[in-house]
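In what follows, a single structure is set out as structure tokens and then discussed.
Number of protein chains: 2
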Amino acid sequence: MPTLKDIATEAGVSVMTVSNVVNGNFSKVSPQTTARIQEIIKRLNYVPNFSARSLVKNNSHIISVILRGEKNQNPLKNPYNAILLGTIISKIQQQGYYAMINIMKSATDISKNLHTWNAEGAILLGMFDDEIEKICSVSDIPIVFIDSYSNFRQLSNVGIDDYKGGQLAARHFIEKGHRSLAFIGPPSSHTSVIQQRFEGFCDELETHGIPFDTRFRFSLKSDVDHQEMKVLAKTITEHKNEFTGAFVTSDQTASLLMNLLRQNGILIPDDLSLISFDNLEICEQVTPQLTTIAQDLSQKAELSVDILFRRLLTPNAPVESMVLDVSLIERNSVKTL
Amino acid sequence: MPTLKDIATEAGVSVMTVSNVVNGNFSKVSPQTTARIQEIIKRLNYVPNFSARSLVKNNSHIISVILRGEKNQNPLKNPYNAILLGTIISKIQQQGYYAMINIMKSATDISKNLHTWNAEGAILLGMFDDEIEKICSVSDIPIVFIDSYSNFRQLSNVGIDDYKGGQLAARHFIEKGHRSLAFIGPPSSHTSVIQQRFEGFCDELETHGIPFDTRFRFSLKSDVDHQEMKVLAKTITEHKNEFTGAFVTSDQTASLLMNLLRQNGILIPDDLSLISFDNLEICEQVTPQLTTIAQDLSQKAELSVDILFRRLLTPNAPVESMVLDVSLIERNSVKTL
DNA sequence: CTGAAAGCGCTTACAG
DNA sequence: CTGAAAGCGCTTACAG
Numbered sequence: 001m002p003t004l005k006d007i008a009t010e011a012g013v014s015v016m017t018v019s020n021v022v023n024g025n026f027s028k029v030s031p032q033t034t035a036r037i038q039e040i041i042k043r044l045n046y047v048p049n050f051s052a053r054s055l056v057k058n059n060s061h062i063i064s065v066i067l068r069g070e071k072n073q074n075p076l077k078n079p080y081n082a083i084l085l086g087t088i089i090s091k092i093q094q095q096g097y098y099a100m101i102n103i104m105k106s107a108t109d110i111s112k113n114l115h116t117w118n119a120e121g122a123i124l125l126g127m128f129d130d131e132i133e134k135i136c137s138v139s140d141i142p143i144v145f146i147d148s149y150s151n152f153r154q155l156s157n158v159g160i161d162d163y164k165g166g167q168l169a170a171r172h173f174i175e176k177g178h179r180s181l182a183f184i185g186p187p188s189s190h191t192s193v194i195q196q197r198f199e200g201f202c203d204e205l206e207t208h209g210i211p212f213d214t215r216f217r218f219s220l221k222s223d224v225d226h227q228e229m230k231v232l233a234k235t236i237t238e239h240k241n242e243f244t245g246a247f248v249t250s251d252q253t254a255s256l257l258m259n260l261l262r263q264n265g266i267l268i269p270d271d272l273s274l275i276s277f278d279n280l281e282i283c284e285q286v287t288p289q290l291t292t293i294a295q296d297l298s299q300k301a302e303l304s305v306d307i308l309f310r311r312l313l314t315p316n317a318p319v320e321s322m323v324l325d326v327s328l329i330e331r332n333s334v335k336t337l
Numbered sequence: 338m339p340t341l342k343d344i345a346t347e348a349g350v351s352v353m354t355v356s357n358v359v360n361g362n363f364s365k366v367s368p369q370t371t372a373r374i375q376e377i378i379k380r381l382n383y384v385p386n387f388s389a390r391s392l393v394k395n396n397s398h399i400i401s402v403i404l405r406g407e408k409n410q411n412p413l414k415n416p417y418n419a420i421l422l423g424t425i426i427s428k429i430q431q432q433g434y435y436a437m438i439n440i441m442k443s444a445t446d447i448s449k450n451l452h453t454w455n456a457e458g459a460i461l462l463g464m465f466d467d468e469i470e471k472i473c474s475v476s477d478i479p480i481v482f483i484d485s486y487s488n489f490r491q492l493s494n495v496g497i498d499d500y501k502g503g504q505l506a507a508r509h510f511i512e513k514g515h516r517s518l519a520f521i522g523p524p525s526s527h528t529s530v531i532q533q534r535f536e537g538f539c540d541e542l543e544t545h546g547i548p549f550d551t552r553f554r555f556s557l558k559s560d561v562d563h564q565e566m567k568v569l570a571k572t573i574t575e576h577k578n579e580f581t582g583a584f585v586t587s588d589q590t591a592s593l594l595m596n597l598l599r600q601n602g603i604l605i606p607d608d609l610s611l612i613s614f615d616n617l618e619i620c621e622q623v624t625p626q627l628t629t630i631a632q633d634l635s636q637k638a639e640l641s642v643d644i645l646f647r648r649l650l651t652p653n654a655p656v657e658s659m660v661l662d663v664s665l666i667e668r669n670s671v672k673t674l
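For the protein sequence lines, the chains are P and V, in the order given. First residue of the first sequence? That's 1 in this note's numbering, and the numbers climb one at a time after it. First residue of the second sequence? That's 338 in this note's numbering, and the numbers climb one at a time after it.
So, in structure tokens, the structure goes:
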């Protein structure tokens, strides 16, 4: 690999003149010299060494994208994460930056990682709320969270109106004549996303004089664990006649569940109506197609990168957060009673 | 951020003693000194700067994972890519290396990227066959391809028996009494994966005295473009009575197509039988569940990382390639005639 | 417009 | 067991 020095020697100039050309400081170099150097750069296939540049400028062009998870897990099995990540990588690259992807969760690992590569910024997906403050405090670079809730004042987050999502689901069920309902999703202890959806759901029911029966709050730790899902399907089957509809916090869970329920002889929507969340492609692929609360994942991903780069490129840019809207998409998984 | 020097000053030793401790060369440092330095490292939260290390050792710990695609595209919308990538990232990280993800396709961009960060190795997904040789020739680090075919002698590739996949599909159709069949997939000009599946399919039909009618080779450029898919669905609808089954080269395409066909009044499997490819989760989520040619994506991803690291860590390790087996999973998308 | 020098944080022989 | 020195490839004031 040729270095600056090689180019300089070849051109008969100093390394710093070459450096100026490489970095586009054309005002400091005569046009002829510039042209000559550019020709040599092209001919010798010179590519600047970013490690060296990063070392002296104390900046890399690296953005660290961190997916919450265990080291031996595959968070991209979940299409929700995959779609977000794909858009994020693509946008980071368009800015001329480099995306380093990590799967981790502990605040120490994260801060270590950020320092190791002198990352200039970070985007964190799916962190638990109680981890946020610790992570923010150990780092001095811009960090944008996706889907996090925290009282930490300096938090930069892109999320959606989860509470409204819950309300919309409840309202739709009520309009369709449902009066006894269930809620299915991860335990809400760690993340307010689920808690907010749950509260919106309950509050809206309450408003219409239908208090939520907490016996029908079903928890599910993983949306990949088939065994756990099976147990849940069994429990639901046993309670078959006690509720007519269920709000499920993700399309992924809903579509998996639907299959298992069918195996137990429960048909959607005849025996049980379902509203899910996200509006991924799967909603239209399953039968019946899923009525769901829609959110715009591409927009979510794009905005988080936009916000990050605003902080990165504008000195003293304020800490921004954004809350995107949600809407209900009606399909065929809710029966009119 | 503290540096080696800071630690050295604090401990009253030279930077190189600290360097030895950081790098675990304990034989060169007395136990007491080691202990003292380790305490300081922990107390000051010292993290080595990899840019500096990379510069002097002329190696980074970076593995570049490259997904073929346009810069403004999201290849992770396709669950096939997402699952592979997730496993790859996770395994790279377990090795103590760092995964940098890029979406690109030109050989120059790729070689530039590899040099910029001094990547130690690379894994390339979905490259076209005619790009392989160019890419290999511009780089001197170990590269492992996934799903590529090329006559390039030094190619390291992890793939599956695509030809057999085609054969299995044909045989299954024949066993179920089908005699006139279609083939649906991307144009095979760029990638032998599709070509092989097609040939296996045709050859097996031929063997049973059923020549494939090339009018029923339908091409589809993208498995994300709904418009193109719609046009295809219409074409198929028009040819409704001319074939009884179709071999579709991915679950993704098959499940999307199934929906559109249903909208045109074509029911699977009654009006048309389908065999797809990959055996992703979606196969069990759609109705009817898809009969498909199964491949093991986690294994594919794991093996490619294994092969890469064998080349990376063992001097003079030979260039390895692997071909994984496929099998037919019978579900409900093929009707017995 | 051009260059000599110092330095970013680290490692690698080499000397003691 | 410990350290002084050189150097990885680059940029940044500074001087001319």
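Think of the CB as a built atom: it goes at the ideal place given N, C-alpha and C, for glycine as much as any other residue. Here the structure is a predicted model, which is why all the values come from computation and not from measurement.
Residue i and residue j closer than 8 angstroms at C-beta
{"i": "P/D296", "j": "P/S250", "result": "no"}
{"i": "P/N102", "j": "V/Q430", "result": "yes"}
{"i": "P/F152", "j": "P/M127", "result": "no"}
{"i": "P/S64", "j": "P/M100", "result": "yes"}
{"i": "P/A122", "j": "P/I275", "result": "no"}
{"i": "V/Y486", "j": "V/S529", "result": "yes"}
{"i": "V/S664", "j": "V/V495", "result": "no"}
{"i": "P/F198", "j": "P/F183", "result": "yes"}
{"i": "V/V366", "j": "V/N360", "result": "no"}
{"i": "P/N118", "j": "P/N59", "result": "yes"}
{"i": "P/D147", "j": "P/H190", "result": "no"}
{"i": "P/S333", "j": "V/Q410", "result": "no"}
{"i": "P/R171", "j": "P/I210", "result": "no"}
{"i": "P/H61", "j": "P/E131", "result": "no"}
{"i": "V/V355", "j": "V/L341", "result": "yes"}
{"i": "V/S635", "j": "P/S51", "result": "no"}
{"i": "P/P186", "j": "P/K240", "result": "no"}
{"i": "V/I619", "j": "P/Q285", "result": "yes"}
Neighbour list for residue i in chain P, Cβ cutoff strictly below 8 angstroms
{"i": "V/T572", "result": "Result: empty, since nearest Cβ-Cβ is about 21 angstroms, beyond 8 angstroms."}
{"i": "V/K637", "result": "By Cβ distance, chain P contributes nothing, its closest Cβ being about 13 angstroms from V/K637, past 8 angstroms."}
{"i": "V/P412", "result": "G86"}
{"i": "V/S391", "result": "S51"}
Proximity to residue i [Cα-Cα], best of the options
{"i": "P/A317", "options": "P/V334, P/I160 and P/S156", "result": "P/S156"}
{"i": "V/K471", "options": "V/N455, V/S443, V/S485 and V/D484", "result": "V/S443"}
{"i": "V/Q600", "options": "V/L627, V/G582 and V/K567", "result": "V/K567"}
{"i": "V/L674", "options": "V/G514, V/I420 and V/L627", "result": "V/G514"}
{"i": "V/L597", "options": "V/N409, V/F584, V/I573 and V/K672", "result": "V/I573"}
{"i": "P/I307", "options": "P/Q95, P/A52, P/T9 and P/V56", "result": "P/Q95"}
{"i": "V/S658", "options": "V/S559, V/Q622, V/I497 and V/E457", "result": "V/I497"}
{"i": "P/A246", "options": "P/I143, P/F201 and P/V22", "result": "P/F201"}
{"i": "P/D6", "options": "P/Y46, P/E39 and P/G24", "result": "P/Y46"}
{"i": "P/K300", "options": "P/L267, P/L85 and P/Q252", "result": "P/L85"}
{"i": "V/T590", "options": "V/V393, V/T629 and V/V355", "result": "V/T629"}
{"i": "V/L381", "options": "V/L661, V/G406, V/M338 and V/F363", "result": "V/M338"}
{"i": "P/L280", "options": "P/V323, P/T116 and P/R331", "result": "P/R331"}
Under 7 angstroms by beta carbon: chain V residues contacting residue i
{"i": "P/E284", "result": "N596"}
{"i": "P/N72", "result": "S427 and Q431"}
Interface partners of residue i on chain P, CB under 7 angstroms
{"i": "V/M328", "result": "Any question about residue 328 of chain V goes unanswered here, given that chain V covers just 338 to 674."}
{"i": "V/F387", "result": "T116 and W117"}
{"i": "V/I440", "result": "I89, S90 and Q93"}
{"i": "V/V384", "result": "K112, H115 and T116"}
{"i": "V/M338", "result": "H115"}
{"i": "V/S592", "result": "Q285"}
Cross-chain neighbours of residue i in chain P, by beta carbon under 9 angstroms
{"i": "V/M437", "result": "I62, Y98, A99, M100 and I101"}
{"i": "V/P606", "result": "None at all; the shortest Cβ gap to chain P is about 14 angstroms."}
Under 8 angstroms from the C-beta of residue i: neighbouring residues of chain V
{"i": "P/S333", "result": "In chain order: nothing, as chain V lies at least about 13 angstroms away."}
Where residue i meets chain V, residues with beta-carbon distance less than 9 angstroms
{"i": "P/I83", "result": "N411, L413, K414 and A419"}
* 4-residue-minimum alpha helix (DSSP H) runs that sit fully inside the segment 351-384 of chain V, ordered along the chain -> Whole alpha helix (DSSP H) segments, 4+ residues: 352-359 and 368-381.
* Is it a yes or a no for the segment 75-89 of chain P touching the segment 132-144 of chain P, going by three-plus beta-carbon pairs under 8 angstroms? -> By the Cβ rule, the segment 75-89 of chain P does not count as touching the segment 132-144 of chain P, because fewer than three pairs are nearer than 8 angstroms.
* Report the residue ranges of all beta strand (DSSP E) runs contained in full by the segment 239-318 of chain P; include only those spanning at least 3 residues, in chain order. => Runs of the beta strand (DSSP E) inside the segment 239-318 of chain P: 245-248, 273-278 and 291-294.
* **Sufficient close CB pairs (3 or more, under 8 angstroms) joining the segment 602-609 of chain V to the segment 540-548 of chain V** => Contact fails: fewer than three Cβ-Cβ distances are below 8 angstroms.
* Inside the segment 490-555 of chain V only - alpha helix (DSSP H) runs reaching at least 4 residues -> Correct list: 499-512 and 529-544.
* **Runs of alpha helix (DSSP H) wholly within the segment 402-459 of chain V (minimum 4 residues, chain order)** => Fully enclosed alpha helix (DSSP H) runs of 4 or longer: 416-431 and 444-453.
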